[in-house]
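Enquirer: One structure, pasted below without further comment.
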Amino acid sequence: MSSGIDMENLIRKLEVVSVFKQLPESFSSDNEITIDESEIASLLGYSSILSLSDEPEEISLSYELVTRLLEYTYGECEKVVAASEVVFSRIGNFPGRSLLRDRHSSSLSATVSPAIRLECLAREAENTFFLDEQRSALLTDFQYKFLTSLSEETSLSVSAPTSAGKSFILNLDLIRSIKESRQQSIVYVVPTRALISEVSHRIRAALREDGLSDVVVRTAPFPLARDKIEKAAVYVFTQERLMSFMNSADVEPFISSLIVDEAHEIQNGKRGIILQNSIDIALSRFDNVKVLFASPLIKNPAYILSLFDRTSEGRYFVEQVSPVSQNLIFISDVAMKPKEADISLLSRGELIPISRITSEFRFRDSRSLQRANIALAISAGKESVISFSNGPSEAENVASHIADLNKGYEPSEEALLFADFVKNEIHPDYPLVNCILNGVAFHYGNMPSLVRSGVESLFKNGDIKIICCTSTLLQGVNLPAKHIVIENPMSGDTPMNRADFLNLSGRAGRLLQEFHGNIWCIRPSEWRSDCYEGARLQEITSAISVVMEDGGLSIQGLLNGNAEDSEKVDEAEAAFGKLYHDYLMYPDDDIAGIYRTEENSDELDKTLEAIKEIKVTLPIHILENNQSLRPDQLQRLYETLNCADTISDVAPMSPYAVGAKGRIDEILTVLGDCFGWEMGYRYKSWISFLAYKWVWGESIGRILAERITYLRRDDPDVNVSSAIRGCLQVIEEAVRFKMVKYFSAYIDILRHVALERGLSNELEAIEPYHIYLEFGSCSRNALNLMALGLSRFTALYMEGKFDFDSEVEAEEYLKKMTSMNLSAINMPDLCRREIIDLLS
């Protein structure tokens, strides 16, 4: 082709034919476009030229051209395969080259000239990392740069696409670091509990593979004393567990390296402020901490370094090229023709018509039924599909429709085993059982961890092809698929923003399994936001900076008692806690100077004056440990507890002691009064009952069964699914989050009161209820087993099999389990497999 316009038209033609081939077989169309040999040659030549560029857009286009030609020719054209081999080598996409060789080795030929072949070998050599004398890994350009930077820098902030292979490099660096230096304490921070088991499992597998199985890996905030660490200890925490870890009263913790995954979450509301606080405290308490911030597709990774005063000694960079790309495909219904739809592709800012198709189902039925039909058509029983839902109820609804439509499906042995586990351990009427037996599953954050990871395992192994997910995917859960189906996506109650959409859509396309992933956007013209459009890189701002943009009016409203929006209240409380702490630490500094603008200066001064008027006598470490709570309310709690005649009158009791349940009720009343936690009598009774059963170690199945029996007294036809979701939500949000943070403050302040009264001997008798509430047990054995990464299900089955004394570290349980006859222990096969996986 001689002109740029002709080449643009040819590229557009290639995009049309390649996407047309992605359409489900059940979508019929008369559209027929072909590309002849001369056009193929022109496209290959253009791709070859682009592959020599340093510009991310041109490198990405080079990849697009050869991979679309591969898909168009089904990998049967030798010159396309040969050209792809060269392009992949030049752009450093060696995962793509591996996939090419695996799929199309029969079409590889020796038509590449010796000079070009030598060039490819040179690129290979440049990107080879030697694990040891016998083993090596071939990395992408980004991965090699990332690994090199990790070894050279003490502060690093990296932005890269979701599928760029960051996790693999983090594993390599972790192993290299542990081999180079002893007695390290490495903390890996993830945004949600849903990610803890996945990341800890990945780390353990990498350590075992390298003969480092004696490295301690913990997921509970129980620090190991420095003198008990031989090689290293690796902790995988949420930001809340990091705070608990640093505030441990039993062992003095330390941190040598801090890895913050999904660091862009620092922009998201109250939890973003908590994340920023926990990092601030970690970097201030421990000297010479090496820190890494990893984020997906943010424009300003240097900003994160600047938040923690690490810019001068740190490095940052942005990677835009992904080793897997995505097709953004629009499905729009056609007026007066309910079984027809228009398919188009959004590429490089242009909407390209692909075809009008006729389907076997109507685009007029309920939205959830339409999404079910679309997901089934796309999957065709062969390809992996994620259907995104805006909430757990919607995810279950779509999955149930798919299960009803997918009759004739034959579940695998693994699916049967998992369905049996859910039936026995959750509830026989939980819709997940029927869904799994019919080839589909749903997945959301409040599900028990072993159930959630079981769903992920079935999907990754191909035992089920379709999964209906909520925004848990946005927090980094590693669940890629060939296809993602999205309709009017939301983040909570608000339309999804561009950054979250990019993070979600980045899950489409599995590294080493596909060249492209497909994002199917249903009726995008009706979406509440055009999040599918816009720049690929997004600029982030910390959540507290957003709160302070107007000078902190929400904090003023909080202190004046005028706050209404619960989400805004939560953010204002966290921001208030941080500002008050900073004021106490640096009373002569302008602690809000970084937020000051010409427009907000007057209001900012009013906010600071209001904060300075608050009188708190608690020591600063208690305020620091509980920065997400209001300092004035912490003071109110202190004054309440200080009025108690004796510590034993107000201390949490052993869950097994007579009167323990009544003491929880009393403490809940105090917490409600001091922190403004409004609870009606019935709700308070319910969460008190749930919390008591939870810390006792009652099985989740029994808790749910009792709840459903209770509800059926008033309504025999109660919706079991809704009841289960509601109970799981209360356990996760009220018991495992809200009660945990309030009880943590309660115990901190109670210990302080005891010390003020000279009653240090009573400290050990104060039960750590915040730990019991988060993990769902007060058994030392169960807590140690969960600290190793086992689920609550498995820990409860195993807790009675040990007779260790209280001084034994969690890792001794690992050694003990290696000598046990696990097959003789009465527990579900899924739990037994979890232990074997931990030990193997």
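Residue numbers (my numbering): 32 to 871.
In this text, a Cβ means the ideal position worked out from N, Cα and C, and glycines have one as well.
Below 8 Å on the Cβ atoms is my guess for Arg-538 versus Ile-417; work out the distance and round it to an integer in Å.
Expert: 7 Å
Enquirer: Measure from the alpha carbon of Pro-686 to the alpha carbon of each residue in Pro-650, Glu-655, Glu-729 and Tyr-611, then state which is nearest.
Expert: In this structure, Glu-729 is the residue among Pro-650, Glu-655, Glu-729 and Tyr-611 with its C-alpha nearest to the C-alpha of Pro-686.
Enquirer: For the putative contact between Ser-410 and Ile-497, defined by C-beta atoms under 8 Å, what is the C-beta separation to the nearest angstrom?
Expert: 5 Å
Enquirer: Nearest to Asp-163 by alpha carbon, out of Arg-207, Phe-173, Ala-691 and Leu-533?
Expert: Arg-207
Enquirer: Hey, is Ala-826 close to the ligand NAD, as in C-beta under 8 Å from one of its heavy atoms?
Expert: The ligand NAD is absent from the structure shown, which contains no ligand whatsoever.
Enquirer: Keeping to the same chain, check which residues put their C-beta closer than 8 Å to that of Gly-303; ignore five residues upstream and five downstream.
Expert: Glu-296, Ile-297, Ser-573, Ala-574 and Ile-575
Enquirer: With DSSP collapsed to three states, give me the class of Ala-114.
Expert: helix
Enquirer: Using 8 Å for Cβ pairs, my map puts His-432 next to Gly-732. What's the rounded Cβ distance?
Expert: In fact, because the Cβ distance is near 26 Å, the residues do not count as touching under 8 Å.
Enquirer: Within a Cβ cutoff of 7 Å, which residues of the same chain sit near Pro-555, ignoring the five residues on either side of it in sequence?
Expert: Phe-361 and Tyr-563
Enquirer: Judging by CA-CA distance, which residue of Arg-395, Ile-388, Asn-358 and Ser-363 is the nearest neighbour of Leu-377?
Expert: Asn-358
Enquirer: For the segment 130-183, which segments carrying the alpha helix (DSSP H) assignment without a break, of at least 4 residues, lie completely within its bounds, in sequence order?
Expert: If you keep only unbroken alpha helix (DSSP H) runs of at least 4 residues inside the segment 130-183, you get 145-157 and 172-183.
Enquirer: Specify the secondary structure class of Asn-202 as computed by DSSP and reduced to three states.
Expert: If DSSP states are grouped into helix, strand and coil, Asn-202 belongs with the helices.
Enquirer: Considering only the beta carbon of each residue, do Gly-707 and Gln-666 sit closer than 9 Å?
Expert: Result no, Cβ atoms of Gly-707 and Gln-666 do not sit closer than 9 Å.
Enquirer: Using DSSP with H/G/I as helix, E/B as strand and the rest coil, what is Glu-644?
Expert: Coil at Glu-644, not helix or strand.
Enquirer: Quick check: the segment 771-789 against the segment 742-762, are there 3 or more CB pairs under 8 Å?
Expert: no
Enquirer: I'd like to know if the segment 371-386 and the segment 338-350 are in contact, where contact means that at least 3 CB-CB pairs between them fall below 8 Å.
Expert: no
Enquirer: In this structure, how does DSSP classify Pro-423 when only helix, strand and coil are distinguished?
Expert: helix
Enquirer: For the structure I just gave you, are there three or more beta carbon pairs, one from the segment 39-57 and one from the segment 92-104, closer than 8 Å?
Expert: yes
Enquirer: Classify Gly-35 as buried or exposed, calling it buried when 16 or more other Cβ atoms lie within 10 Å of its own Cβ.
Expert: Reliability of the predicted coordinates at Gly-35 is poor, the pLDDT of 48 falling under 50, and no value is obtained from them.
Enquirer: Hey, how far is the Cα of Ser-854 from the Cα of Lys-846?
Expert: 17 Å
Enquirer: Determine the burial state of Lys-413: buried for a count of at least 16 other Cβ atoms within 10 Å of its Cβ, exposed for fewer.
Expert: exposed
Enquirer: Can you give, in chain order, each stretch of the beta strand (DSSP E) that sits fully within the segment 515-559 and has at least 3 residues?
Expert: The segment 515-559 contains these whole beta strand (DSSP E) runs: 547-553.
Enquirer: According to DSSP, which residues form a beta bridge with Ala-841?
Expert: In DSSP, Ala-841 forms no bridge with anything.
Enquirer: Can the beta-carbon of Ala-406 be found closer than 9 Å to that of Tyr-475?
Expert: no
Enquirer: In the DSSP output, what is Pro-354 paired with across the bridge?
Expert: Paired residues: none, contrary to the question.
Enquirer: Using the rule of at least 16 other Cβ atoms within 10 Å of the residue's Cβ for burial, across every protein chain shown, is Val-761 buried or exposed?
Expert: buried
Enquirer: Out of Arg-863, Asp-676 and Arg-744, which has the shortest C-alpha to C-alpha gap to Arg-788?
Expert: Nearest C-alpha to Arg-788: Asp-676.
Enquirer: For Arg-43 and Val-97, I'd like the C-alpha separation in whole angstroms.
Expert: Distance between the alpha carbons of Arg-43 and Val-97 is about 14 Å.
Enquirer: Is the CB-CB distance between Leu-814 and Ala-826 below 9 Å?
Expert: Result yes, Cβ atoms of Leu-814 and Ala-826 sit closer than 9 Å.
Enquirer: Output the boundary residues of the beta strand (DSSP E) element that contains Thr-389.
Expert: Note, Thr-389: beta strand (DSSP E), 381-389.
Enquirer: By the three-class DSSP mapping on this structure, what secondary structure does Leu-83 have?
Expert: coil
Enquirer: Taking Phe-348 as the reference, which of Asp-745, Phe-177 and Ala-785 has the closest Cα?
Expert: Phe-177
Enquirer: Per DSSP, which residues does Gln-215 bridge with? Please list them.
Expert: Ala-263
Enquirer: Nearest-angstrom Cα distance between Leu-448 and Asp-494?
Expert: 11 Å
Enquirer: Please classify Met-367 as buried or exposed, where buried requires at least 16 neighbouring CB atoms within 10 angstroms.
Expert: exposed
Enquirer: May I have the straight-line CA-CA distance separating Asn-486 from Ser-194, to the nearest angstrom?
Expert: Per the sequence shown, the amino acid found at residue 486 is Val instead of Asn. Using only the alpha carbons, I get a separation of about 21 Å.
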